[in-house]
Each structure stands twice: as C-alpha cells, then as structure tokens.
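Novice: This is the structure I have questions about; it appears just below.
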Amino acid sequence: MLIKRKSSDAARGKLQAALGGLSSGVMDRRSFLRRSGLVAGGAALAGTIQIGAVRKAEAAGMGPATGTKVVTNICTHCSVGCTVKAEVANGVWVGQEPAWDSPINRGTHCAKGASVRELVHGDRRIKYPMKLVDGAWTRISWEQAISEIGDKMMEIRQKSGADSAYLLGSAKFSNEGAYLFRKFAAFWGTNNVDHQARICHSTTVAGVANTWGYGAQTNSYNDIRNSKTILVMGSNAAEAHPVSMQHVLSGKEINRANVIVFDPRMTRTAAHATEYVRIRSGTDIAVIWGMMWHIFKNGWEDKDFIKSRVYGMEAVLREVEKYDPKTVEDITGVPEAQLKRAAETFAKVKPATFIWCMGVTQHTVGTANVRAICNLLLATGNVGSAGNGANIFRGHCNVQGATDMGLDVGNLPLYYGLVEGAWRHWARVWDVSYDALQARFDEVPAKGGRPARTRKANMETSGHTSTRWFDAATMPSEQVDQRDNLKAMIVFGHGGNTIPRIPDAVKGIEKLELLVVADPHPTNFVSLAQRKNGTYLLPIATQFECSGSRTCSNRSIQWGEKVVDPIFESANDYWVIYKLAEKLGFASDMFKNIRMVRGKFGMEPEPESVLREINRGGWSTGYTGQSPERIKLHMANQDKFDVVTLRGAKGSPVENDFYGLPWPCWGTPEMKHPGTHILYDTSLEPMNGGGAFRPRFGVEREETLPGGAKRTVTLLAEGSFPKGSEIRDGYPEFTFGMLKRLGWDKDLTPAEAATIAWIGGNAPDAVSWANDLSGGIQRVALAHGCIPFGNGKARAEAWNIPDPVPTHREPIYTPRPDLVAKWPARPDERTLRIPNLHTTFQKAAIEKGVAKAFPIILTSGRLVEYEGGGEETRSNKWLAELQQDMFVEINPADASARNIKDGQFVWVSGPENNSKARVKALVTERVGKGVAFMPFHFGGWLQGVDQRANYPKGTDPIVLGESVNTVTTYGYDPVTGMHEGKVTLVQIAAA
Amino acid sequence: MRLSQSIRSLFGVFGFVLALGLVAPASAQAPVNPTASSVREEQLLNALKPGSAAEIGGRISIPDQKASTLIRPAGREWREFHQGTMHLVGAVAVLGMLALLVIFYATRGRIAISTGRSNQTITRFGAFDRFVHWTTAGCFIVLALTGLNITFGKALLIPIFGEATFAAMTQLGKYAHNYLAFPFMIGLALMFLIWVKDNIPSKLDIDWFMQGGGLIGKGHPKAKRFNAGQKMVFWSVILGGAALSLSGWYLLFPYTAGGVLNLQFWNIVHGVVGMVLIGAMLAHAYIGSIGMEGAFDAMGSGEVDLNWAKEHHALWVEDEMKKGVMPAAARLQAAE
Amino acid sequence: MARMKFLCDADRCIECNACVTACKNENEVPWGINRRRVVTINDGKPGERSISMACMHCTDAPCAAVCPVDCFYTTVDKVVLHSKDLCIGCGYCFYACPFGAPQYPKVGNFGSRGKMDKCTFCAGGPEADLSPAEFQKYGSNRLAEGKLPLCAEMCSTKALLAGDGDIIAKIYKERVVKRGYGSGAWGWKTAYKETIAI
C-alpha cells in the first residue's frame, strides 16, 4: 500500500540518489541546525546532532528557485523590524526565504511578514491616479493630478492660509520619506503635520521624554532575553508584535522569568504568562500606584537609585499614599494579594522590564499612565541596564523613525522643538534663510478671546493633532486656534478609520474642499463619505518598491533595498513629495543639497543623500553616526551580531557596533560610535554605548514643600555617572562655554572651532552639542568619557505638564459613576489649538445615565493578521482569508443574558451620535463579564451599510467590516491629544 | 442539523471534548497562572471515551469550522471499519450470495412452471412499471459496480489495469455514481408510489413463509399481486435505497452533513447497506431470470404466462379476472 | 535514515498564523485551501494553548490505507505524498485523517470535491523535482533544495519544528527540561504511535 514511488524511479529521484552517496550536496550543519529550530533550543545540543537528515538536491532542475537574486528589505508591518529576504526573478518577486542572519527575527515572521510578497502582486492596489468627477472615479495622469492638487492648495492658501491644509503623513514612510514630508510642511509653512504616532505612542513619547530625556524604548526586544521579570501591561505582543515573543518566551524559558500580564482581556499573550491579572480598562494609574503602595510600605524600593538618579519621588509618594489596597481593589478590581505579589516580584526579582503598548497609551490619561509606569521603573531601579527598562513596543514599521523625523505637530526633525533656535538650526542644515521660512507661515488674527499671533509666534505654536482634524474642519472658526478652519487634507499612508467618532469624521470629510489620498490602497478616507468632487487618489509604492532606512522600536536603523519597481503607475513617496514641492514652487530650495537620481518617472531624490542630510542635522538624538554606508554594512553582516547583546563580533567589519546603530549614535560616522543599545546605561563608557539620564529641564529647581517652605534641589545626578567619566558627578549639557570652563575647548580642531564660531555669531558660548554642526563638542565630551547631553536625574515629578504627578481619573464614559466625585476627569481646557472638554462630557454622561443604558465596557485592540486601519492587509488574500468578519468579543454570561449566540450578527451601539455597528458576536471568556472587545482594523461598513461601492472599481479590500471607531467616543489626552481608544461604554443586542 | 445531532449522539460519537471538565474556568478575578494550568494533550486524549469516536477541538478564525478539530483519533477507527469490517461485509454479501445461488441452482435447478405454459398471457407490468423498474435497476447496476470498484478495485483491479488506467476508470466511475444517483432516487420514489399498495404485508404472507415460498418443496402458496418474497425485495429496495439515498446525499453534499464524524457515519451506512443490497439484488436477479421459468417475462414484455401467474399469484389472477381482464394469446415463442 | 516529522510546541505557539501564510506564500495555495491551520484550545481560559496543525505524515498513514485508487506514497524521508493525477476526490482520506489535513477545492456542480490537496512537507509530488509541473500541482519542493518546510522555518517563536524526528524530539525535550513545563508533542501519539518521554 505504501509505495515508495520515488525510489522506484531511479532516473529522477535525487533524494534516493543522494542517499546512495551522502558525500555531496549535504546541507551544512549550521544551516540544518537552524532550520531544525535547534539554535532556538540552545546550542548545547549541537555537538550531538547527527547530520544527514536533509540532503541538498544535486542538480536543481528548472524549478521556481533558479535564476533568482535575493534582495534584503524590512517587513512593513510592525516595529519589530524583521528582515525580509525576497527572491526576485526577472523583476518579479517570486519567493521569500527565512532571513536567518537577522539578529532580530532570526528567520521568522508572523502571518503578515510571511505574506508581504502579496503586497506587490497587489491586484487590489490603486493602479493609476484618479479623481472624483461628479461622484465618478476618473483616471487622470500624474501631471494632471499634481497640477490640479497644487493649484487647489494654492487657492486654499490664498483664501484661508497655510494652516488650512493638513499634512497627514505616515509611519510607513521610510526615514527619508518622513523627513522630506516634515521638511515639506516647514517649507509650506505649517505645523499641521502629523502621523500615526499621534494615535499609538504619542503619550509614551511625551511621558517618557518628560521623565528621562528621550521618548523611545530604552532597551530592545533582544534584551528581554536578559529579564527575570517581564511585566506586560496593555500590550498583546503575541498578536501585535509576534516575533518579539520569540525573545520574551526565550527569556521566560531560559531565565525562568516571571511573565506578568495586566490586561482587561485574557489575550494570547496572557495565555503564556506566569500570572495573569485582569484589570478594569482605564484604571492603569490606580494599578501602578497600588503596586507602588506595597513597594514603599515594605521598603522594596531601590533607595540608592532614587537618591542618585531620581528627582521628585517624594511628591509621588504623597500621591501613592492615597492608593491603599482597598481603594485600589475597588477601582481596578485587582485583589490585594495578587497586586502585592506582582509588586514584590517586580521590585525584587531583577532585572525587571515593563512592556506596554496602546492599552496604556490610548487614554485620556495616556501621558499620566506612562509617567506612572516610569515612576515604577525608577522606584525599583529598573532602568538603564541589561534586562530591565521601559520596553515600549511601538506600532508601525517606522513609527519610531517617523517620530524621530519630527512628523509631529510640535517638533522639527530629531526632537528639535518649535523654538527659534531649532528653526535656525534646521535653516542652517537646509542652507536656507530663517526669515524665508518664517515668511511662509500664517499670521493668525485675534479671535475667540485669544490674542493674535505673528508669523513667528505661529511658527512656534504646535499644530493641530490628527485625532481632531475633523473638529478643525467642522467647528466654528472661532474655536479653532488658527487663521481659518481646515479646508484640505493631504493624506499620505494613513487610514481614515483609526480614530474615534467616525460619524463626526464623515461630516468632516464631506466639508473638505480638497482631499488627497496618496496610498497603495484607497483607505477609508475615500469610502466613508459621499464626496462628489475635489478628491484625488494617488498610487503610492510600498517600501518594498523603494529603498530607504527605517528605525525599529529599539532604535536600530535598517536599510531596505528596493525589491521590485513600483507596480502599475505607482510612484514612491520621494518623487511625489518632490513633484508637489516643485508645483508649489519651493523644490529648488527644499532639495538644494539633496542628490537627484533618475527614477521611474524622472528625477527623484536619492534616499542615501536624504539620510546624509539627516545625519548633518540630527545631533540632538544621535542620528549623525548612521551613514548609509554604515547601515548597509550592518545589513550585509547581520550574522555577525550577538542575539542577546546585539554587539558585532570581534574581528568582523562591524566589530563592537550595536546592530543597526541604535540612536543615539553620537558624532560623525567617522567617529565610529557603536550606537546605544540600552539608554541611560552607566555601566558602559558613553563612547561605547553608555549614558545617563538627560537633564532637559534645567540644573536645579526651587520647589515648595507641603508645609509651604521652599528649597532648591539639584536636577543633576548625584554620585552616579557613566563608566570612565572624567566628571565624577552630574553635569549639565555640553556647550562651547562649558568646554571652555573645563579647559577642553583646546581639544577642538580648528575646523570644528570655526564652525562653532560661525554658528554662535556673537554668542559662541551658547553653541551646544545639539546645534554644533561640526560635531566637535560631542566628540570632545565623549573623549572625556562624558555624555554630550549631560548627566541628570530622571523626573518622578514632571512639573511642566498637566498632572505632574499622575492621579487616577475615571474615564469620561465610566461604568463607575460613583467614583467620579473622588476621581474626576480633568477640567475643561484647550489642547493644541482646540477645546478639550473632559469634564463637560463626563458630567453629561453621568446626567444622562449612560452607564445604565450602555452597561458594557468596550475596549479595542489588534489582530495578528491585520495592521492599523487594515486596508492594506484586508486586501491581502492570504491574510484576509484568516479573518473574514468584524466581530465583538462578548462574555458568555453577557451573551446568554442577551440571547446572543456565537457567530450571529449583533448591534453594538455607542453613547454618542446614536452610533451603532453591525458585527458578529464572538462569545468567549477572553473578556470578563461586562466587557467587550472589538478589533480596530475593519472598515468599509458604516452603521450596517456596506460601502463597497464607494471604492474605485477593483480597489476595494477583500474583507470589509464595521469600524470599532464608529462607536468609540470623545476623550483626548491633555498633553498630546491622544484619543480615548480603550474605554467607552456600549450596549449589545442581537441583530 | 437536528438529525445529524441525534445521529451523532445515537452513535455515541459526540465527543467534542474541550478540557472544560479538566480545567476549572477561572472566575474573573481569581489569581491564575496560565502557564501552570496549561492544557496537556495527554489529558485531553485520556478524556476521550475509549473506543468511541471523539475529537479534540478548539477555536479557529477561518469560517471552515471543520478545521477547528485538532485531533480526531476516530479516523483510525473508521479506517479499521472501512478496510476491515466493510470489506468483510461486502465479500460475504456478494460472494456469499453468489455461492448460495450456485448451490441453490445446483440442488433445486430452474423452477419450472409445473403445469407447463398455457400459451395464454396476462399483463403483469405495464410499460410505465417496467420503465420505472429498469431505470432504477440500470442505475443500481452501475452504482453497484462503481461502488464495488471503489471498495475492492484497489486490491483486485490495480494489478490488472495499472494505477493510471484504474484511477481514470474510477474517476469516471465516481462521476457515474454521483450522477446516476439522481435517476436512481427518482426511480426509487416512483417505485414506491406505484407498488406500495400491493406490498403492504398481510396474513397471506405468513402462509407463504410457512410453505417456504414454493422454493422449498413443491407446493405453491397462494399470493396476491406480490408474494411475501417479492414484498421482501420491495421493502429491502425501498428501505435500503432510502438509506443509500440519504447517506449518499450527505456524502455528495458534505457541507450538509455537519462534520466529519457524521460523514464517517454516513459512509459506513452507505457501504454496509450497499453491500447487503447488492447481495439481495443478486438473489432477486437470479430468481427473476435464470432461477425461474416464466419470471423474466414479467419485466421483459410485461406479459406473463397465465399458468405461471396462476401458480405464483393465484389470488391476483382471480382479482384480475374479476375486473374483466382477459388473457391474451401468447406471442409466438421459440420452442424450448 | 531521516524520518521527517512536525512538532508543535504549544507552550511557544501564539497563534500568529505565520505558518499558515508562509505555506500559502511558498506553495501558492488558493483561498479556501488550508494546508495548515492553528487551533486554540480552551480559548480565553487559563489553560489556553494554540497548536499549529497540518498533515503529520503519519506512520502507517490512514489516508493511504483507505485511498481507493492508491494515490499515496511515502518518500524515503517518510513524507506522505500523493499523486493528483490519480486522486479522484472521493474524500475517504478526509474521513480517515486524524488531523483534518486533506483539503478539496470545490469544483463541479455539487460543491463537491476536486483533487485532494494537503501539506507536502514542502516536498512537492511525484513529478520531477523542482519542475514547473510539480510546483503547479503541489507547490514547492524545499526538501529537494536542501531546505525544510517554510512554515516551521518562519515560525515566529520557533514553536513549530520540522525535521528529523529524533532531532526535533531532542530539541523539544531539552526545552521542556530547561523551562520545566511542556504540554506534549501534539499529535505524535496519534500519528506516530509514540510520544516524547521527558
């Protein structure tokens, strides 16, 4: 019965032929071990393995694998940064092989990464530029598209000002694309430029940067292998960052680490925890302070660490005292014993790391949540060395890079704020005049009781956030703090279904005079509303169809090579931005020092050249050492890096470098700084990747004690300094003046000194490590074992932002109105150009009895198969097949009370706008009683209506579904305008 | 759905065992260690009832809920049944019946019309009856042969024809089997409608059996239109055919059956009933042709010899006569 | 002699479905055919575990035993393959398979089955190795290229192992000893009539 057909056919059976003589074509041992997964298990076994299990074909036939070349790029689906090895034959991407050499993914992928090839087959992609003509999609040429868009933008600029055009960029840009887009906004003359970081980790960046200096993951995915305690809160890494779980589970197995997952939902990540703690959505601060209460009560805090490296912990202590176990259990639902156990483990089983994601950040108290976590890390001394730290898993493939590039309403590239000095710095880098830049900005008239703003003031005023763009379009002009309402949306690579209040967004879309969607797919900006004219669709290439660098969550920068030419009439971001700038008349200035090369449709900016310009200006964040050559060298030598330390092997071309030169990588590329694997790590010399907390907020502070007495305390580190430092204490940031005081100015080369003199003009002492274009100040500081930005304390109390010490605040739509009196939302205020009415909405909800009529807490999150708004992944047939229906997870008790069966359609109705969504019920104990969960990747249905017909023919995603944001509600973080995506109230009924 | 569910429980195969009973579901706030409480395969396998068909299953995101079954050890039992018991049943039914018939023919010989032919005939089956009979019979023969082929062909025919030819043949056979199933089912339904009233069991049938149906010994028990033996054939065709139709329907439209365990069950029904019915039909064909003089005419020309009719269906002939049906002169027949 | 097996370490599997799309990508498997799938047991409960499952390439494979046209064969690596030229789409292998591996494209009037398709352990089919005909019918033949099945090679957490049974059993054993827990070599008892003793 079991016939060995192959063995009977000697003519072709290479397997048997190979059996005869095992000598040739045998796979080498290393690759076999890898392929067998052994390397994951541990190298100990390697010596005992018998090889010979797999034999290589003697002579490959005319099979699909012949005649191919392998191109290396990076997966475009999340921030882990998995290397993709693409096999290309005759310009067609024919196969994908495991990227064994990448220290990050080591050959592996998730569902999305394993199916990226489908993106460039793309039968659902936008194939050519289109515009709406009286409601019908009409094919147009690129020239016509650019020309008409440019004319309309100029018309709006004349009529309403530059701020009336919103430039919404993308976390899927390469660093170079993101940088050009930010630069484009500066030349256009607006700060209304944003991207997805707003809705994923803007509160993290704000919270973390305000605590210890930089708004980024402090350690790396790989470093989690060193952890002994891994606390995960509001992160479902198993679905959102699957490959990161390789490192998490390795840590769990090898170190027998504790994995504690805090989540309202028993996620796929929680299934692999050693302790799962179910919390009520929106009570993160109470949970953290509850842990801190136990830590301080029992003296588990790291007293030395706090003393030498933390400012303001007393103020935190005063707040924490309010959070006794009973109070905390009442707010959060977590039993005392469980929380105490978690606190003790986190404080005592070290190194302990804290992983968080959008479960923490997407709240009206997002920034405060992040700050509370930072305080927990500081109190337990869990920042700044291997195995600990704030392991913030960012979302999109280049959301870190795009944030770094200043695709943000409040920053210029590399976190230079909107102050004059920063503008002048970039004007010098760009080789344009500061005054010319300023002249591009609007003057804002006095309105709504607010004073008028000059061009200069407007240039230094943060823009309008992407979470509220439709409010800026529809609110009375009085309320919107800029010259006029929003009239145009220029959207590059950003979904339209990603923020709450879709019924309001629909009104916003309909109000726009101009809507430009530049994307590989149409997105919900196109499908949500019924527009007739003034809408353009531009086909944009994915990052697989162009080259460029991207920064993963751990700050490593990787270079992606173009796999295939842009398909159909798609063009890459670089060319489109260039053409728009050319049409608007500032291309010659904007691309002055950027090399142009021949591309698909003509001359386009060369990404390497753009990166070099970034290197020339990126001093503040250490984006200066990562030249294209160095990054490419890393890509070519991926196998030389250690999987745990990310350090390049001795004797290799990348010796001592950390993989991807994670920023800060100080000085010029020639200085060969290795990058910084772990931020604020004092156990290494700064020149070798060490660091300290960054004193960003002065050197000392006068504070008022509860009794009213005043005292002045230092903000510089006390007795803590990086290894090898010649200054054996805290010190402020380096300036030319400081070098002079230290007598180190003599170490500057004449060329460096000349550059400093040129920049400083009549005040050269003020030239600092961050704007010295020569890099001399950084070089000299590092040579003396000092970190250029200074050696300060982290701030437990961040006095300059709302809620300097976080306090629990009930969500606006809270299921516990009884707690609001004690823990109210913030008073109404204005956040970034627009009113932010926390209290008004919370009061109204309580008065209307929303908690009774809508008794179920709705939270949202990711599915592994889809990403973001989901248009791209729902158009990928290999992924779409795996999740064909939008659903709501509902607890069996709630389902049976409502007579709802698994798989049937239900209506989920929200408390605003009479909103409702028709989705399938998934009855599961993943969610607790009274809690529901919906994934946020769906779109294309609106309140039960299938809007497939709104897409241009042939570009509709395979799977459509109701967006969760149809029913999500008002609520915005006071610092960053982050929306409340994780707590609202709904009712569910059988459909 | 209901039916399949009841069949499932009937068959004792409904063993969709999650570890529900093994791991107490955690209440909302009880401290849990998901790693320590993780489900183990061994537990789940042990929880499956020994000897019964059962599955270990869970949740899957794709719409094909069949895929949510992870391990179904029951497949092994179905395999044993299919390759063992069913082959045996088939071999016994077909070969056993053939052997019986050979022995019967050898001992009893052809049952002759004891009074000889009368040269007068009486209409036993009209054109429509015969059309229905032969349609159904024709289909059945093809269905039976293709069914036997798919069961025994691998062992018997591959050595003769080789794999490629056999596979091509069997593929055609599968199409024939699938398509001819429909005329067969229609024929079956019509057969039931036109003959059921004459096939209701009655007292006479008991006498018929007591007398051995005339097959054993010499006497001819009286019978109406159908004697008890024929009624047995009728009912076995109707009931067996219905079972084959129903089970075949599920096998043909697997998505209506509701799960692999059901498919396994229906496949067993289909196979066993098919084999038994093939055996029964061999006997029917024998007695309707070479086994008995004059019998074939009933489904051949439809006109049977009056003496044959009187011997086997005396009461029916009386009834017909009473109704005024007159025997006709027999057509010229070749002398025997 | 190598004896190829799959092993899914459920304590590592996070249901990321990489194995599923890797398989689709590598073998150009059409919509509706799922050579590999991930099933989650005890979904949402503390005992939850996910397991990636495909054809296990059984010892004494039931599919081969029940196939009426004898279209299955076992390679020297003990990979169970079949010939789509011989397959008649009868469905028997699906009834017999303990793992639900056989898949059928819906063809014809009955919504019924076309030629069976299943996991080939990335070892192609009876056609000449690496020939276009082989690829078109069965997908790629990575074994012939000296590679292992892509699903396992791309597994995000290295939960899914493929390769010589003894080697992957050793890897699994070592893991369980190291970390102190293991929910078992799913399917091994059913497929290979053996399990991994720890």
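Taken in sequence, the protein lines are chains A, B and C.
Okay, so the first sequence: first residue is 1481 according to the numbering used here, each after it adds one.
Okay, so the second sequence: first residue is 496 according to the numbering used here, each after it adds one.
Okay, so the third sequence: first residue is 8 according to the numbering used here, each after it adds one.
Glycine included, every Cβ here is placed at the ideal spot set by N, Cα and C.
1. Distance, Cα to Cα, D1614/A vs H1974/A?
2. Please state whether DSSP places R1637/A in a helix, a strand or coil.
3. If you follow the alpha helix (DSSP H) that Q2258/A is in, where does it begin and where does it stop?
4. To which residues does DSSP link Y179/C through a beta bridge?
5. Which residues does DSSP list as the beta-bridge partners of V1997/A?
6. Cβ atoms of C129/C and C26/C: under 8 Å apart, would you say?
7. To test your reading of the DSSP string, which unbroken alpha helix (DSSP H) runs of 4 or more residues are found completely within the stretch 151-201 of chain C?
8. Distance cutoff 8 Å, beta carbons only. Does S190/C sit that close to anything in chain B?
9. Count the CB pairs spanning the stretch 58-71 of chain C and the stretch 79-93 of chain C that are closer than 8 Å, and state whether there are at least three.
10. In terms of residue numbering, what span does the beta strand (DSSP E) encompassing N1871/A cover?
11. Is the Cβ of W38/C closer than 8 Å to any Cβ of chain B?
12. Between which two residues does the alpha helix (DSSP H) containing F1834/A stretch?
13. Can you check whether the CB of V2247/A is closer than 8 Å to the CB of F2216/A?
14. Alpha carbon to alpha carbon, how far is A1852/A from I1768/A? Give it in angstroms, no decimals.
15. Kindly list the residues whose CB is nearer than 7 Å to the CB of G1792/A, restricted to its own chain and excluding five residues on each side of it in sequence; keep chain order.
16. Let me know the alpha helix (DSSP H) ranges lying completely inside the stretch 1775-1857 of chain A, each 4 residues or longer, listed in chain order.
17. Quick one: measure Cβ to Cβ for Y1659/A and V2090/A, integer angstroms, because I've assumed they're closer than 8 Å.
18. Measuring straight from C-alpha to C-alpha, what distance separates A1545/A and T2294/A?
19. To the nearest angstrom, how far is the alpha carbon of N1702/A from that of I205/C?
20. From this set, E1781/A, P2244/A, K2323/A, K2273/A, which residue's C-alpha is nearest R2296/A's C-alpha?
21. What does D18/C reach in chain B if we use C-beta pairs closer than 9 Å?
22. Which chain B residues are close to C104/C, counting only those with a beta carbon under 7 Å from its beta carbon?
23. Return yes when the Cβ of A1859/A is within less than 8 Å of the Cβ of P1759/A, no when it is not.
24. Mark W2143/A as exposed unless 16 or more other C-beta atoms lie within 10 angstroms of its C-beta, in which case mark it buried.
25. Just how far apart, CA to CA, sit E575/B and R42/C?
26. Any C-beta of chain C sitting closer than 8 Å to the C-beta of A793/B?
27. Out of A659/B, A632/B, L667/B, T660/B, which has the shortest C-alpha to C-alpha gap to T641/B?
28. Since A2397/A sits in a beta bridge, which residues does DSSP pair it with?
29. Give the residues of chain B in contact with T197/C, contact being defined as C-beta atoms less than 9 Å apart.
30. Looking at V36/C and G146/C, is the spacing between their C-beta atoms short of 8 Å?
31. With 8 Å as the threshold, decide whether the Cβ of V46/C is near any Cβ in chain B.
32. Within its chain, find whatever has a CB closer than 6 Å to the CB of E1472/A; leave out the 5 residues flanking it on each side and keep chain order.
33. In the stretch 2074-2103 of chain A, which residues sit with their C-beta less than 9 Å from some C-beta in chain B, listed in chain order?
34. Closer than 7 Å by C-beta to G736/B: which residues in its own chain qualify, once you throw out the five before and the five after it? Chain order, please.
35. Given this structure, state the Cα-to-Cα distance separating L517/B from V2388/A, to the nearest angstrom.
36. Using the Cα positions of A2009/A and N1977/A, report the straight-line distance between them to the nearest angstrom.
Specialist: Reading from the atomic positions:
1. 25 Å
2. helix
3. 2256-2263
4. Beta-bridge pairing links Y179/C to no other residue.
5. V1971/A, L2017/A
6. no
7. 157-160, 172-186, 195-199
8. yes
9. yes
10. 1869-1872
11. no
12. Run containing F1834/A: none in the alpha helix (DSSP H); it sits in the beta strand (DSSP E), 1832-1836.
13. yes
14. 6 Å
15. R2275, A2276, E2277
16. 1783-1789, 1793-1800, 1805-1812, 1816-1828, 1838-1841
17. 6 Å
18. Reliability fails at A1545/A, whose pLDDT of 48 lies under 50, so the model's placement of it is uncertain and the value that follows must be treated cautiously. Their Cα atoms are separated by approximately 58 Å.
19. 29 Å
20. K2323/A
21. T530, S533
22. G570
23. Before going further, note that residue 1759/A is Ile rather than Pro in the sequence given. No, the Cβ-Cβ distance between I1759/A and A1859/A is not below 8 Å.
24. buried
25. 25 Å
26. no
27. L667/B
28. V2388/A
29. L540, I566, R567, P568, G570, R571
30. yes
31. yes
32. With chain A covering 1481 to 2471 only, the question about residue 1472/A has no answer from this structure.
33. none
34. L683
35. Any reading at L517/B is ruled out, since the residue's pLDDT is 36, under 50, leaving its predicted position unreliable.
36. 12 Å
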